[in-house]
Structures are given as structure tokens and as C-alpha cells.
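Residue numbers in the sequence shown follow our numbering, run continuously in steps of one, and reach 155 at the last position. Think of the CB as a built atom: it goes at the ideal place given N, C-alpha and C, for glycine as much as any other residue. Being a predicted model, the structure only gives us computed values, none of them experimental. What follows is a set of notes on a single structure, which appears directly below.
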Amino acid sequence: MEAPLIVGVDGSGPSLTAVDWAVDEAARRHLPLRLVYASLWERYEGVVPTGGTDRPSEQVMAEHVVASALERARRRDPEVKASTDILPEDAVSALVDAGDTAAALVIGSRGRGGLEGLLLGSVSLAVAARARCPVLVVRGDAPGVTGAHERILLG
């Protein structure tokens, strides 16, 4: 079986843009797609007080994120074989380790962190620095950015 393109997903706009780009690339290269969500939160669920709120659990949110990303991928190209994984690890370690069996890692330029103005998010930067496979950091279309460098920030 061909090594998959692995996409880090977290439900953010940039990660969904990465899913779109990866689906198109997987179709071009006839590769399977693997959508990966990773979080350490489940280790602390039930231990950390929630303040009495009825928030959905991290597992429920993770399942929703990967299901939505999978649905998006299938709508974009139903011929691309896609699978999902939810990993109980920090995002950087999970993606770097997953990259060992990947044709490439595809990630959004930034995730759900609060510093949206940064050019490159902390997970994207750390994965690009540590991965042992090609890493493509995809960003959305930004106003005033044109030409060949519009979509791929780092490759």
C-alpha cells in the first residue's frame, strides 16, 4: 500500500484549507489520505475541574472534528481513500511520529491558538523542524498575496 498523505486537523480554518489541498494532492498522486487529530486533553479529563459547565468532552469534540474533516474530504473528491485517527498525544509528537510512514505531512499554517496574527503557528513550526518526511504548510488565500507562493507557506 502506498504511504498516505497525513493531514493534521484541529477544526480551524487553516486546517480545513490543508484538508482541501491534501485531497487535491492525494487525487493527483493517487495516494490515500489520513486525517489525524491529536490532543493530550483526554489524560486530564475528569481530573481538571470544569467549573460545573456542561462542555462536551474532548473526545466528543475530537470525533466531531475528524468526522467533519472526513466529510469535507469526501465531498471534495469521493475517489480519494481517506481514514481518520484520534491520537492521545501532543500534536507535534503525534504528527512527527505519524510522518515516519507518510508520503508527506500536510498542516495548516496555524491552528486554534490565540495568536492568529502570527505567520506560522507553533505546531506548524515545530513539526516542520522535527519531521523526518516532507512537510507542507498550507495557508488560506490572504488578501494581497498572489502568485506561486499563495497557498504553500513552507514545503
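Report task. Following the continuous beta strand (DSSP E) through Val-106, name the residue where it begins and the one where it ends. Result -> 104 to 108
Query raised in the report: Is any beta-carbon of chain C found at less than 8 Å from that of Val-127?
Result: Of the protein chains in this structure there is only one, and it is not chain C.
Report task. Assign Ser-15 to buried or exposed, taking buried as 16 or more other Cβ atoms, counted over all protein chains shown, within 10 Å of its Cβ. Result -> buried
Query raised in the report: For Arg-34, which residues does DSSP report across the bridge?
Result: Ile-6, Ser-83
Query raised in the report: What residue does the beta strand (DSSP E) around Leu-136 start on, and which one ends it?
Result: 135 to 138
Query raised in the report: So the alpha helix (DSSP H) Glu-89 belongs to, where does it begin and stop?
Result: Where Glu-89 is concerned, there is no enclosing alpha helix (DSSP H), given that its DSSP letter is neither H nor E.
Report task. Kindly indicate which residue of His-30, Leu-70, Asp-20 has the alpha-carbon position closest to the one of Val-36. Result -> Checking every option, the nearest Cα to that of Val-36 belongs to Leu-70.
Requested in this report: Measure from the alpha carbon of Ala-126 to the alpha carbon of each residue in Ser-83, Asp-100, Arg-139, Val-96, then state which is nearest.
Outcome: Ranking Ser-83, Asp-100, Arg-139, Val-96 by Cα distance to Ala-126 puts Val-96 first.
Query raised in the report: Are Glu-79 and Ala-128 closer than 8 Å when you measure CB to CB?
Result: Contact: no.
Query raised in the report: What number of angstroms, rounded off, separates the C-alpha of Ala-73 from the C-alpha of Val-65?
Result: 12 Å
Query raised in the report: Do the CB positions of Lys-81 and Pro-32 come within less than 8 Å of each other?
Result: yes
**Report entry** Collapsed DSSP secondary structure at Pro-78 in the structure displayed
**Finding:** coil
Query raised in the report: Gly-11 by DSSP, collapsed to three states: which one?
Result: Collapsing the DSSP output to three states places Gly-11 in coil.
Report task. Closer than 8 Å by C-beta to Asp-24: which residues in its own chain qualify, once you throw out the five before and the five after it? Chain order, please. Result -> Arg-76, Asp-77, listed in sequence order.
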